[in-house]
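The listed protein sequences correspond, in order, to chains A and B. Residue numbers for the first sequence follow my numbering, beginning at 228 and rising by one. Residue numbers for the second sequence follow my numbering, beginning at 228 and rising by one. Idealized CB from N, CA, C, for every residue including glycine. Let me begin by presenting the structure, written as structure tokens, before commenting on it.
2 protein chains.
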Amino acid sequence: MRSDVETLNSSLEVMRGEVNQALHDLIQSEVELGAGEVALEAGRVLNAGGKRLRPILFLLAYQVAGGTKQDDVMPLALAFELIHTATLVHDDINDEAKQRRGIPTIHAQAGQAKAVIAGDWLFVQGFGLGGRYSEQIVSVIARCCANIAVSEFDQLDHVLNLATSPEDYLSIVKGKTAGPFASGCYAAGLVAGLEDEQAKALERFGMELGIAFQLVDDILDLRGDERMGKPRGADVYEGKMTLPLIHALTLSHGTHRQRLSDLIESFSDEDFDELMSLLERSSSMEYAEILVRTHLERAQAELNNFPDSQAKEMMQLITNIVKDRHA
Amino acid sequence: MRSDVETLNSSLEVMRGEVNQALHDLIQSEVELGAGEVALEAGRVLNAGGKRLRPILFLLAYQVAGGTKQDDVMPLALAFELIHTATLVHDDINDEAKQRRGIPTIHAQAGQAKAVIAGDWLFVQGFGLGGRYSEQIVSVIARCCANIAVSEFDQLDHVLNLATSPEDYLSIVKGKTAGPFASGCYAAGLVAGLEDEQAKALERFGMELGIAFQLVDDILDLRGDERMGKPRGADVYEGKMTLPLIHALTLSHGTHRQRLSDLIESFSDEDFDELMSLLERSSSMEYAEILVRTHLERAQAELNNFPDSQAKEMMQLITNIVKDRHA
Numbered sequence: 228m229r230s231d232v233e234t235l236n237s238s239l240e241v242m243r244g245e246v247n248q249a250l251h252d253l254i255q256s257e258v259e260l261g262a263g264e265v266a267l268e269a270g271r272v273l274n275a276g277g278k279r280l281r282p283i284l285f286l287l288a289y290q291v292a293g294g295t296k297q298d299d300v301m302p303l304a305l306a307f308e309l310i311h312t313a314t315l316v317h318d319d320i321n322d323e324a325k326q327r328r329g330i331p332t333i334h335a336q337a338g339q340a341k342a343v344i345a346g347d348w349l350f351v352q353g354f355g356l357g358g359r360y361s362e363q364i365v366s367v368i369a370r371c372c373a374n375i376a377v378s379e380f381d382q383l384d385h386v387l388n389l390a391t392s393p394e395d396y397l398s399i400v401k402g403k404t405a406g407p408f409a410s411g412c413y414a415a416g417l418v419a420g421l422e423d424e425q426a427k428a429l430e431r432f433g434m435e436l437g438i439a440f441q442l443v444d445d446i447l448d449l450r451g452d453e454r455m456g457k458p459r460g461a462d463v464y465e466g467k468m469t470l471p472l473i474h475a476l477t478l479s480h481g482t483h484r485q486r487l488s489d490l491i492e493s494f495s496d497e498d499f500d501e502l503m504s505l506l507e508r509s510s511s512m513e514y515a516e517i518l519v520r521t522h523l524e525r526a527q528a529e530l531n532n533f534p535d536s537q538a539k540e541m542m543q544l545i546t547n548i549v550k551d552r553h554a
Numbered sequence: 228m229r230s231d232v233e234t235l236n237s238s239l240e241v242m243r244g245e246v247n248q249a250l251h252d253l254i255q256s257e258v259e260l261g262a263g264e265v266a267l268e269a270g271r272v273l274n275a276g277g278k279r280l281r282p283i284l285f286l287l288a289y290q291v292a293g294g295t296k297q298d299d300v301m302p303l304a305l306a307f308e309l310i311h312t313a314t315l316v317h318d319d320i321n322d323e324a325k326q327r328r329g330i331p332t333i334h335a336q337a338g339q340a341k342a343v344i345a346g347d348w349l350f351v352q353g354f355g356l357g358g359r360y361s362e363q364i365v366s367v368i369a370r371c372c373a374n375i376a377v378s379e380f381d382q383l384d385h386v387l388n389l390a391t392s393p394e395d396y397l398s399i400v401k402g403k404t405a406g407p408f409a410s411g412c413y414a415a416g417l418v419a420g421l422e423d424e425q426a427k428a429l430e431r432f433g434m435e436l437g438i439a440f441q442l443v444d445d446i447l448d449l450r451g452d453e454r455m456g457k458p459r460g461a462d463v464y465e466g467k468m469t470l471p472l473i474h475a476l477t478l479s480h481g482t483h484r485q486r487l488s489d490l491i492e493s494f495s496d497e498d499f500d501e502l503m504s505l506l507e508r509s510s511s512m513e514y515a516e517i518l519v520r521t522h523l524e525r526a527q528a529e530l531n532n533f534p535d536s537q538a539k540e541m542m543q544l545i546t547n548i549v550k551d552r553h554a
């Protein structure tokens with residue numbers, strides 16, 4: 228008795244609406260408590276949309292784990308979304324980004340000082356919600372956030388480092404992008420009352436999905452996708468060593484490698500075609516796509532540890548959505 | 228049977244040592260867990276000293292409230308110190324400060340991007356420790372931190388605002404400086420098992436002490452004090468409306484007020500004597516000193532709600548230390 232995709236999609240829409248409503252209410256209540264401008268600035272970015280992939284996944288992971296009271300897991304899901312948004316606000320300062328989710332960044336709108344503080348405020352709100360849970364779950368959240376910071380440091384040290392290895396890359400991605408997916412799914416399983424070993428299957432699901440998600444981001448940065456809300460090639464301009472670049476640098480030799488290095492080190496828009504054709508020579512985009520499929524298959528395999536349910540089908544649908552972002 | 232000051236001072240030294248050791252161990256254990264550079268950078272500022280006034284006060288408030296197991300309250304005390312240091316790291320970015328606690332700021336040493344992240348990491352560590360407590364205490368910590376952010380926004384909006392009123396000032400100080408003193412004392416009382424009403428007396432103690440603490444800071448900024456670890460007049464240069472300036476602007480008229488406004492709006496070192504003599508005319512330094520005494524007396528009065536103990540005497544000693552900073 229499998230649900231059709233339309234039913235699943237409309238269930239996803241309902242959940243997104245619930246998450247959006249809860250986030251909206253949270254900002255509203257903080258404004259009423261006197262948080263004023265900082266809540267409004269932070270709320271502007273928080274409520275500007277975003278796919279809500281993380282909180283929806285955590286609500287679903289809770290259901291897949293047998294949880295039935297959404298109110299019990301909603302604060303956890305929101306906590307991760309708030310913390311995620313906090314890191315975006317702080318990233319945007321460091322990247323000097325002008326736009327996020329189609330609107331001006333806090334940095335661009337209200338200046339750096341307020342952007343730092345608004346990010347802190349979002350962190351605080353996230354931890355306030357996360358702190359309602361057991362010591363074990365609080366420690367999962369804290370460990371996850373600490374790893375984000377560690378990986379961001381690591382990533383900064385690898386900017387324009389042409390010797391960045393696939394292992395370096397994976398370690399950064401696991402900490403910064405995939406870690407929060409993994410920790411949120413794991414914690415949601417614990418909230419539902421799973422034994423640690425079962426919850427670990429959800430953690431692995433999140434990790435694999437998160438790695439795939441980052442790889443798709445890397446691909447879209449090069450291919451371009453107006454849905455990203457950031458200009459094509461932003462990663463290359465920032466000197467971020469994405470997987471296609473790392474792969475191409477590893478496989479290329481002689482003049483091709485030299486040219487590739489030169490392009491990466493001083494990139495400009497007119498170099499795009501040449502960059503893409505160098506990536507083509509080493510099949511680096513194709514390689515990244517294969518990795519996306521591999522990680523998504525592993526993610527889906529982890530779901531086999533759980534009984535069939537609509538929530539499980541929706542999690543499968545989300546893995547397909549991640550894949551199809553670059554179709 | 229009152230202890231002599233020497234005994235109290237050496238007990239304070241012991242507590243400071245315990246706090247320092249615990250902070251050092253925390254960084255060490257994070258480094259061993261793989262936090263590497265971010266823990267080292269954050270730890271460099273965290274372990275560079277500081278009086279540890281906040282954590283020591285919270286340990287003492289716990290004892291005054293009848294608590295006997297220091298291990299139960301130490302994570303709370305450390306949480307507030309970590310969060311305090313996080314706000315300093317982020318403040319230093321926004322103030323472009325070069326030095327903190329006598330060593331280069333993270334901002335100056337490792338750049339802005341890493342300073343933002345290292346501050347986030349300190350927040351996360353603080354919340355990780357604070358999140359071990361009951362939902363009520365977590366919510367006290369989260370509310371306190373949210374208020375810090377709200378007040379920092381407010382303070383930014385009042386930079387060089389010569390119409391800043393004493394009420395505006397007090398509201399900012401209560402959120403940013405005194406609030407954490409109050410929340411830490413209050414939460415420590417709750418950890419010790421106090422009824423809410425009794426714990427509120429500790430909260431009021433912390434609030435009064437914290438206001439006095441900020442007023443002394445304001446005075447020292449103008450008088451100069453090498454123990455501050457920041458140059459004399461830093462607040463004036465940053466356009467921060469400290470109480471002596473607000474008081475003088477309120478009381479001055481005509482050409483004196485005009486000159487005072489001009490000095491504040493474009494301050495330089497050679498203006499110091501003239502600024503001080505204008506503050507003298509309105510007795511603004513004296514006024515701030517009287518307020519310090521008033522708030523410290525109120526703080527001490529709150530301690531009368533608790534039975535005599537060495538911990539209570541040490542809290543009284545700390546109120547004297549705050550007073551004598553500007554002696």
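- B:R484 sits in a helix when the DSSP states are folded into three classes.
- When 7 Å is used as the limit between beta carbons, A:E430 is near no residue of chain B, the shortest such separation being about 18 Å.
- Nearest to A:A288 by alpha-carbon distance, out of A:A369, A:Q425, A:D347, A:L356, is A:Q425.
- Residue nearest to A:A345 within the set A:R450, A:I333, A:A275, A:L303 is A:I333 (criterion: CA-CA distance).
- Counting only runs that start and end inside the segment 428–501 of chain A, the alpha helix (DSSP H) elements of at least 4 residues fall at 461–464, 470–478, 481–492.
- Only V365, S366, A369, C372, A373, A376, V377, E379, F380 from the segment 364–380 of chain B bring a Cβ to less than 7 Å from some Cβ of chain A.
- Beyond the five residues adjoining it in sequence on each side, B:Q441 comes within less than 7 Å, by CB distance, of V400, T404, A405 in the same chain, given in chain order.
- DSSP, read as helix, strand or coil, puts B:R370 in helix.
- Using a 10 angstroms sphere on the CB of B:H480, the tally of other CB atoms stays under 16, which defines it as exposed.
- Put simply, the CB of B:G270 is far from chain A, with every gap to its CB atoms at 8 Å or more.
- In the structure shown, the three-state DSSP call for A:P282 is helix.
- At the C-beta level, B:A439 and B:V365 stay beyond 8 Å of one another.
- Contact check between the segment 235–244 of chain B and the segment 524–543 of chain A: fewer than three CB pairs, one atom from each, fall below 8 Å, which does not count as touching.
- Under DSSP, B:R327 takes part in a beta bridge, and its partners are B:I330.
- Using a CB distance below 8 Å, no part of the segment 454–481 of chain B faces chain A.
- Residue nearest to B:Q339 within the set B:F350, B:S361, B:K325, B:L387 is B:K325 (criterion: CA-CA distance).
- For A:N321, at least one C-beta of chain B is nearer than 8 Å to its own C-beta.
- Ranked by Cα distance from B:G402, the options B:V386, B:R370, B:L421 are led by B:R370.
- Selection A:P393, A:V519, A:V418 evaluated against A:E362 yields A:V418 as nearest (Cα-Cα).
- By the Cβ rule, the segment 510–523 of chain B does not count as touching the segment 255–267 of chain B, because fewer than three pairs are nearer than 8 Å.
- Minimum Cα-Cα distance from B:R281 among the listed residues B:H311, B:A376, B:L260, B:E259 corresponds to B:H311.
- A distance of 8 Å or more separates the beta carbons of A:V519 and A:I491.
- In this structure, DSSP gives B:P534 a state outside helix and strand, which the three-state scheme calls coil.
- Below 8 Å, enough C-beta pairs join the segment 382–393 of chain B and the segment 468–478 of chain B to call them touching: three or more.
- Boundaries of the alpha helix (DSSP H) around B:D395: 393–400.
- Inter-segment contact for the segment 312–320 of chain A and the segment 271–285 of chain A is present: three or more beta-carbon pairs are separated by less than 8 Å.
- Exclusion of the five residues before and after A:D322 leaves E465 as the residues of its chain whose Cβ lies within less than 7 Å of its Cβ.
- Among the residues of chain A, those whose CB is under 7 Å from the CB of B:D347 are H317, F350, A376, following chain order.
- Chain A has no Cβ within less than 8 Å of the Cβ of B:F408.
- The alpha carbon of A:E257 has as its nearest neighbour, out of A:V343, A:G355, A:L303, A:E308, the alpha carbon of A:G355.
- In this structure, the beta-carbon distance from A:L235 to A:L544 falls below 8 Å.
- Residue contact check for A:R328 against chain B: no CB pair falls below 8 Å.
- Interface with chain B (8 Å Cβ-Cβ cutoff): A:R281 is excluded.
- When C-alpha distances from B:A304 are compared across B:A373, B:S493, B:I283, the shortest belongs to B:I283.
- DSSP places A:R525 in the helix class (H, G or I) of the three-state scheme.
- Against B:K539, chain A offers no close residue; the least beta-carbon distance is about 30 Å (beta-carbon pairs closer than 8 Å).
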